[in-house]
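Have a look at the structure below before the remarks.
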Amino acid sequence: MMTRLIYTILALSIGFASIGQTIHQLIGRNTGSKLLFDGNTIRTFGFAQAFGENPPIPGPTLTFTENDSISLDFWNISQGAPHTIHLHGLDVNQANDGVPHLSFEVHHNEHGYYRFRAPHPGTYLYHCHVVSSIHVQAGMYGLIVVKPADTSMTWTDGYEYQSDVNLMFSEMDTIWHHDSVLLHDYDTSMSHHMIPIPIYTPQHFLINGLSEQQLVDKVEIHGQANSSIYVRMANIGYLANRITFPAAVNAKIIDSDGRPLPTPEVSDVLEIYPGERYGVLLDPGQEYIGTASVEFINLNTGQVDNQQVLDVNIEGFYGVEDPNRKPLRLVPNPANTEVQIYVSPKLIGEQSTIELMNISGSIVISHNRRLVEANSVNLGQLPAGVYTLLLNTESGAFSQRLIIL
Amino acid sequence: MLRATIALIVLCTSFLSNAETVHHRLHLNAGVYTAVDTTTFPMASFNWTTTFEAQNARITLESGDSLSLTIVNNDSIKHGFKIKDKTSGEEIAPGDSIHLTVFFDQEDYATIYYDHLNNSSFRAAGLGGIIHVPSNPEGLFYWNIKDFQKNWASQLVSGESVNWMTYYPDYFTINGRSNPHINQDSMARVVGSVGETITIVIANTGSSVHSIHFHGYHAEITYSSLNSAHIGRSKDTFPIKSMETLILEMVPDKPGEYPVHDHNLSAVSAGGIYPNGMFLTMLIQ
Chain A
536 MMTRLIYTIL ALSIGFASIG QTIHQLIGRN TGSKLLFDGN TIRTFGFAQA
586 FGENPPIPGP TLTFTENDSI SLDFWNISQG APHTIHLHGL DVNQANDGVP
636 HLSFEVHHNE HGYYRFRAPH PGTYLYHCHV VSSIHVQAGM YGLIVVKPAD
686 TSMTWTDGYE YQSDVNLMFS EMDTIWHHDS VLLHDYDTSM SHHMIPIPIY
736 TPQHFLINGL SEQQLVDKVE IHGQANSSIY VRMANIGYLA NRITFPAAVN
786 AKIIDSDGRP LPTPEVSDVL EIYPGERYGV LLDPGQEYIG TASVEFINLN
836 TGQVDNQQVL DVNIEGFYGV EDPNRKPLRL VPNPANTEVQ IYVSPKLIGE
886 QSTIELMNIS GSIVISHNRR LVEANSVNLG QLPAGVYTLL LNTESGAFSQ
936 RLIIL
Chain B
6 MLRATIALIV LCTSFLSNAE TVHHRLHLNA GVYTAVDTTT FPMASFNWTT
56 TFEAQNARIT LESGDSLSLT IVNNDSIKHG FKIKDKTSGE EIAPGDSIHL
106 TVFFDQEDYA TIYYDHLNNS SFRAAGLGGI IHVPSNPEGL FYWNIKDFQK
156 NWASQLVSGE SVNWMTYYPD YFTINGRSNP HINQDSMARV VGSVGETITI
206 VIANTGSSVH SIHFHGYHAE ITYSSLNSAH IGRSKDTFPI KSMETLILEM
256 VPDKPGEYPV HDHNLSAVSA GGIYPNGMFL TMLIQ
């Protein structure tokens, strides 16, 4: 009965609010679950777009057009503490800022509208601001992308790009996902709360909510040579991120926090701290198969707590049909005891060195051979983990990440 | 030509008349800090008097000033004193004092004075403050941000070494206070008006990196002691590393009460309690 009533109200509210405005809808849930790379499942909070949907982490990316008048209809379908949406970086008025005691909070089975404009193209965040240390860690966050009217440009009079990729960095500490933490007390009559939080020692280091072998074929930087790839990045975690792009993609940092940099910075390495966003333009001049690394840095000790690896696939030339695309492909990946290296026709017959490098940089397998279409490599009893396969040929060097289970 | 020469002389005279030798005396005091949750732990500060206060004294100068500074060590152990990028550092015996004179020629400049001895132990115990040379004395606010691991406080204030690779702070302060008490500090809480130019000087005299997020407004970086390439960037989130100073300029475009807080959200706590850490609000009318 209650569910039917909510559906009806949802339909009516969308119908009324959709006159003359861009409508987006989010549903806050505290009964989500997330499968981690190690096979364990934890409880999460999050934002969904459909009633009954398990909220994804991160939440759905909201894409607006510059100067849109936006109505964000937020439903809270979760018992316990209320939720809000903070529109991080959009500089909205106080009433729509999503801080509980300074704007409004949305209680179970209730909804509220966040109304605002998005005047600056760029990358932003949204997240719950109720006991934000816990609710953000629980998974209540997502990305906002504001595009100019001409969506081929980063911003009006900015840079033209041909493809784009969004990367959101975060971490998870499974201790924080116990009910004893998530289901905290909350007295709505108080403006200042006293909520215990655990020590933060994350075990999971996420890019777009995934880590380790979960990233393979799901999150990558992909584009073509002689084209521009716009990479939008945001850090919603509690550690810093150091992203290292391969030199071959010619990375240039062009914007931060929704504003163009006065002077673009040519650099392969970029650090992003909690709450920051950056835009980087990649301009590869050649095909390239390799990786970018994302280090997660402890803000108290300066130590690198973890490193994740992203595939970078620059295949073909922009505007040119190339039958020899994808010079290197590993099947299966993840692999167990054997992997096949498929190479493009132009590499067949070339003398090559095949090497497998572990996460510490040590070469654990090395072969010299003349390439055929499918080149089998016995992995023996190598420990499970993330490796990099290096293929040196007469035409050039290629690399690709290989997960061994 | 004559007119230009006269104008130049007038300008120089005007400049020189503002520059002066500014005399200050700092007292290095050891004491006991009472945190927002009434927890207490040992701490030390540079204060204007012999009475211990958690907030370190703030020194404001004009461009061209010479700072004539006497530092008195009221503690029972040896301490040090250094001005970042200005002096090489001197030791002060217990009960003794030192004197130094330092010239400040750069406008819109901020640096940190601190106790440099014992591998940052004394600074981490609280001994670090701000020196600021503004171009405009109006609309100024100061955030001296620090982090503390309570169970290390006794060791640090004694100058003992700790293993920084295991550092996990549990108290976070701005000008010696945590949320909700920071708002009671009129030099910390930004109160201003729409259209007014507001200048915020931030110094990280703690040991962790902090990432300060502004709700409601972007601000422009007008000075960065570590990254001059960042000057001119308009942002809403400002990472600040240990021993870094930033000067931000903000012109509010709308009224409202908006939070500013560390977006390392585990630092919005004190003794493991949210939201008693690095969090305050700005009030724009």
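Protein sequences, first through last, are from chains A and B. For this note's numbering, count along the first sequence from 1 and bump the result up by 535. For this note's numbering, count along the second sequence from 1 and bump the result up by 5. Using N, Cα and C, we set each Cβ at its ideal position, and we do this for glycine too. In this text the structure is predicted, and so the values were computed from the model without any measurement.
Same chain only: Cβ atoms within 7 Å of B:Ile88, ignoring 5 sequence neighbours per side: Val107, Thr116, Tyr118 and Ile136
Buried or exposed (CB count within 10 angstroms, at least 16 for buried), B:Leu285: Burial is judged here by how many other beta carbons sit within 10 angstroms of a residue's own beta carbon; B:Leu285 has at least 16 and is buried.
Residues of its chain near B:Leu231, where Cβ-Cβ distance is below 8 Å and the 5 sequence neighbours each way are ignored: Lys246 and Glu249
Residues sharing a beta bridge with B:Asp267, DSSP: According to DSSP, which records beta bridges pairwise, B:Asp267 is partnered with B:Ile217.
Range of the contiguous beta strand (DSSP E) that encloses A:Asp840: Val839 to Phe852
Under 7 Å by beta carbon: chain A residues contacting B:Trp169: Thr836
CB contact check: A:Leu816 to chain B, cutoff 8 Å: no
Range of the contiguous alpha helix (DSSP H) that encloses A:Ile592: Premise fails: A:Ile592 is in no alpha helix (DSSP H) and is neither H nor E.
Per-residue DSSP class, three states only, for A:Asn761: coil
A:Arg794 at chain B interface by Cβ criterion, 8 Å: So, interface residue.
Per-residue burial, B:Ile289 [other beta carbons within 10 Å of its own, 16 or more giving buried]: When all chains shown are included, B:Ile289 counts as buried.
For A:Glu747, the three-state DSSP class (helix, strand or coil): In this structure, A:Glu747 counts as helix in the three-state DSSP scheme.
Under 7 Å from the C-beta of A:Gly810: neighbouring residues of chain B: Ser216, His218, Thr242 and His268
A:Leu660 vs A:Tyr676 beta-carbon contact at 8 Å: yes
C-beta neighbour in chain B for A:Val634, strict 8 Å: yes
Chain A contacts from the stretch 222-254 of chain B (Cβ-Cβ distance under 7 Å): Under the 7 Å Cβ criterion, the stretch 222-254 of chain B contributes Tyr222, His223, Ala234, Gly237, Arg238, Ser239, Lys240, Asp241, Thr242 and Pro244.
Straight-line gap, B:Thr204 to B:His223 (C-alpha atoms, nearest Å): 12 Å
6 Å Cβ shell around B:Phe153 - same chain, five flanking residues per side excluded: Pro174 and Tyr176
B:Val196 at chain A interface by Cβ criterion, 8 Å: no
Sufficient close CB pairs (3 or more, under 8 Å) joining the stretch 668-684 of chain A to the stretch 580-591 of chain A: With the rule of 3 Cβ pairs closer than 8 Å, the stretch 668-684 of chain A counts as touching the stretch 580-591 of chain A.
Of the listed residues B:Ile179, B:Ser274, B:Asp80 and B:His29, nearest to A:Ile734 (C-alpha basis): B:Ser274
Euclidean distance between Cα positions of A:Tyr922 and A:Tyr696: A straight-line Cα-Cα distance of about 32 Å links A:Tyr922 and A:Tyr696.
Anticipated Cβ contact below 8 Å, A:Gly825 with A:Ala783, distance rounded: 7 Å
Limits of the unbroken beta strand (DSSP E) element including A:Asp714: Per DSSP, A:Asp714 lies in no beta strand (DSSP E) segment; the continuous alpha helix (DSSP H) that holds it begins and ends at Asp714 to Leu717.
Cβ-Cβ distance between B:Phe109 and B:Leu145 below 8 Å: no
Integer Cβ distance of B:Leu33 from B:His84, believed to fall under 8 Å: 5 Å
Whole-Å CB distance - B:Asn269 paired with A:Leu834, under 8 Å assumed: 6 Å
Contact set between B:Ile278 and chain A, taken where Cβ atoms lie within less than 8 Å: For B:Ile278, the neighbours in chain A by C-beta distance under 8 Å run, in chain order, Met729, Ile730, Pro731 and Ile732.
CB-CB length for A:Val866 against A:Leu914, believed under 8 Å: Contact doesn't hold; Cβ gap of about 13 Å is too wide.
B:Gly197 to B:Val265 span [Cα, whole Å]: 15 Å
Contacts that B:Lys155 makes with chain A (C-beta to C-beta distance below 9 Å): Within chain A, no residue comes near B:Lys155; the closest Cβ sits about 13 Å away, beyond 9 Å.
Whole-angstrom distance between A:Leu882 and A:Ser930, CA atom to CA atom: 7 Å
Interface partners of A:Leu637 on chain B, CB under 9 Å: His220, Gly261, Glu262, Tyr263, Pro264 and Thr286
Pick from A:Ala919, A:Ile898 and A:Gln759 that is closest to A:Gln821, judged by C-alpha positions: Ranking the options by Cα distance to A:Gln821, first place goes to A:Gln759.
Completely contained beta strand (DSSP E) runs for the stretch 74-162 of chain B, where each covers 3 or more residues: 84-88, 95-97, 102-108, 114-119, 133-138 and 145-153
Same chain, Cβ closer than 7 Å to A:Ala546, five either side skipped, listed in chain order: Because the pLDDT of A:Ala546 is 49, which lies under 50, any placement of that residue in the model is unreliable, and the number read from its coordinates should be weighed accordingly. For A:Ala546, where only same-chain residues beyond five positions count, there are no Cβ hits under 7 Å.
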